[in-house]
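Colleague: My questions all concern the structure below.
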Amino acid sequence: MAELLLISDDTHRTARLARDLPNVERSTVFDLYDDASCPAAAELIVSDVKALTSEALSRLRTLLERVRGQDVPYVCLFHDNGARTRAYAELLGASSLLSAASGPAALGSALAELRNRIDPMSDAMRRHGERAERFLCTTFVPGRPLSPVEIAAGTTLIETALQEGGIRSWVRAVRRFDDATHRHCLLVAGLAAAFGGVLMLGAADRHHLVKAALLHDVGKIAIDAAILNKPGKLDAVEMAEMRTHPAHGHAMLVGRGFDESLLAVAHSHHEMLDGSGYPDKLVGSQISDLVRLVTICDIFGALTEHRPYRARMESMPAYDILVGMAGRLDGDLVRAFKPVADAF
17 MAELLLISDD THRTARLARD LPNVERSTVF DLYDDASCPA AAELIVSDVK ALTSEALSRL
77 RTLLERVRGQ DVPYVCLFHD NGARTRAYAE LLGASSLLSA ASGPAALGSA LAELRNRIDP
137 MSDAMRRHGE RAERFLCTTF VPGRPLSPVE IAAGTTLIET ALQEGGIRSW VRAVRRFDDA
197 THRHCLLVAG LAAAFGGVLM LGAADRHHLV KAALLHDVGK IAIDAAILNK PGKLDAVEMA
257 EMRTHPAHGH AMLVGRGFDE SLLAVAHSHH EMLDGSGYPD KLVGSQISDL VRLVTICDIF
317 GALTEHRPYR ARMESMPAYD ILVGMAGRLD GDLVRAFKPV ADAF
């Protein structure tokens, strides 16, 4: 099931809208005039039909009858402010009516509000997410030394949240944050917590895995914010700087009381078993199990995150990419990760 179905009379226009929507994990754009297929059911529905003719209205009504389940929210975007358009939206049973000129942010907020009516995020999970964000904002700061005690406290916060709400609620909580690096670190740490549970790790080993995931990208603190937040793909010079973050991360942790295995994760989470990774082109047994675990969570997290230059990938296609990286990732661990991807 798609999270969001957008029905359109101009799929190129609506695809641009879908690409820029915040906090939407999976979306499908469907051509209102496509008579050859029918979209799958969705958790949320938006119609973006500029020419709301009698034929378009008839098609919309028929399509909604087919795919709109009971209590599924439906937002009707209007391209003019006429009384007839509002009457049409009412006839179609729209949950909300919004001007198309409002833009992706306004639509994203409307969808979030409607989603919370049918699947409210618990106050406890919202508080967990906010505490985690405050923790990173005060801890992952350029020039500020890190301590094992405070990182252990942050790790416990994440573990508690996952135990109480599960991975899906955690993902929804952290995807609300603006800072892309913080969002990614918390997402990967949550995936690691879920993975540790699937692997039936003991409490101490699971805590260590989550801590490693939380710290894996700490070196990005030292990277120019303009590169981290660039709304597009990096050029060769920028990519070269980005690829220094593992060395920066190692330097931030060394000599401060952190376990050597955590330093290895910060330094080697982009290494691949076949030697194609960086920064040291390690191979096979040179890459520890802890690094292998975090690398799987890191790649899956990156694939399923929204980036300015691409939409988020759904969980199963993202998992298929992990499977397709046989020889580069640990195949046994990738297979063990599937329940996490299924629950994502």
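Those letters in the sequence shown? Residues 17 to 360, by my numbering.
We put the CB at the ideal spot given by N, CA and C, even for glycine.
Since the model is a prediction, treat every value here as computed from it, not as a measurement.
According to DSSP, simplified to helix, strand and coil, what is PHE360?
Modeller: coil
Colleague: Would you list, in sequence order, the uninterrupted alpha helix (DSSP H) runs of no fewer than 4 residues that lie entirely inside the region 164–207?
Modeller: 164–190
Colleague: Quick one: which unbroken alpha helix (DSSP H) runs of 4-plus residues sit fully inside the region 95–126? Chain order, please.
Modeller: Here the runs fully enclosed are 99–107.
Colleague: Helix, strand or coil: how does DSSP classify ALA56 here?
Modeller: coil
Colleague: Please confirm whether GLY124 and LEU60 have their CB atoms less than 7 Å apart.
Modeller: no
Colleague: Counting Cβ pairs, one atom from each stretch, are 3 or more of them under 8 Å apart for the region 81–99 and the region 57–71?
Modeller: yes
Colleague: Along the chain, where does the alpha helix (DSSP H) containing VAL45 start, and where does it finish?
Modeller: From DSSP, VAL45 is part of no alpha helix (DSSP H) but of the beta strand (DSSP E) over 43–47.
Colleague: Express the C-alpha separation of SER111 and VAL310 in angstroms, rounding to a whole number.
Modeller: 42 Å
Colleague: Are the beta-carbon atoms of ALA208 and CYS313 separated by less than 7 Å?
Modeller: yes
Colleague: Just grab the DSSP bridge partners of TYR294 for me.
Modeller: Partner(s): none; TYR294 has no beta bridge.
Colleague: Pick out whichever of ARG222, LEU178, ALA220 and SER24 has its Cα sitting closest to the Cα of ALA140.
Modeller: LEU178
Colleague: To the nearest angstrom, how far is the alpha carbon of ALA240 from that of CYS54?
Modeller: Residue identity check: residue 240 is Asp in the sequence provided, not Ala. Rounded to whole angstroms, ASP240 to CYS54 spans 46 Å at the Cα level.
Colleague: Are SER304 and ALA282 touching if we call contact CB-CB under 7 Å?
Modeller: The Cβ atoms of SER304 and ALA282 lie no closer than 7 Å to each other.
Colleague: Within a Cβ cutoff of 7 Å, which residues of the same chain sit near MET17, ignoring the five residues on either side of it in sequence?
Modeller: Bear in mind that a pLDDT of 45 at MET17, under 50, signals an unreliable position, so the model cannot answer this.
Colleague: Quick one: grab the DSSP three-state call for ILE61.
Modeller: strand
Colleague: In the structure shown, what three-state DSSP assignment does SER24 receive?
Modeller: When secondary structure is reduced to three states using DSSP, SER24 falls in the strand class.
Colleague: If I measure Cβ to Cβ from GLY300 and keep anything under 7 Å in the same chain, skipping five residues before and after, which residues do I get?
Modeller: LEU289
Colleague: With three or more C-beta pairs closer than 8 Å as the rule, is the region 248–258 touching the region 197–217?
Modeller: no
Colleague: Give the single residue among ARG84, VAL83 and LEU48 whose Cα lies nearest to the Cα of SER74.
Modeller: LEU48
Colleague: Compare the beta carbon distance of LEU76 and LEU108 with 7 Å and say whether it is the shorter of the two.
Modeller: yes
Colleague: Taking DSSP as the reference, what is the three-state secondary structure of GLU129?
Modeller: The three-state reading of DSSP puts GLU129 in helix, counting H, G and I together.
Colleague: In the DSSP output, what is CYS313 paired with across the bridge?
Modeller: DSSP links CYS313 through a beta bridge to no other residue.
Colleague: Under the rule that 16 or more other beta-carbon atoms within 10 Å means buried, what is MET332, buried or exposed?
Modeller: exposed
Colleague: Could you tell me the boundaries of the alpha helix (DSSP H) in which SER284 lies?
Modeller: Going by DSSP, SER284 is part of the alpha helix (DSSP H) stretching over 276–284.
Colleague: Among ILE23, THR30 and ALA34, which one has its Cα closest to the Cα of HIS322?
Modeller: ALA34
Colleague: Using beta carbons (cut-off 7 Å, strictly below), is VAL270 in contact with chain C?
Modeller: The displayed structure is made up of one protein chain only, and chain C is not part of it.
Colleague: Within 10 angstroms of the Cβ of ALA105, are there 16 or more other Cβ atoms? Answer buried if so, exposed if not.
Modeller: buried
Colleague: Considering VAL339, what are the terminal residues of the alpha helix (DSSP H) in which it resides?
Modeller: 331–340
Colleague: Near GLY347, what residues of its chain come up, given a Cβ to Cβ distance below 7 Å and the 5 sequence neighbours on each side ignored?
Modeller: none
Colleague: I need the straight-line Cα distance from VAL157 to GLY235, nearest angstrom please.
Modeller: 11 Å
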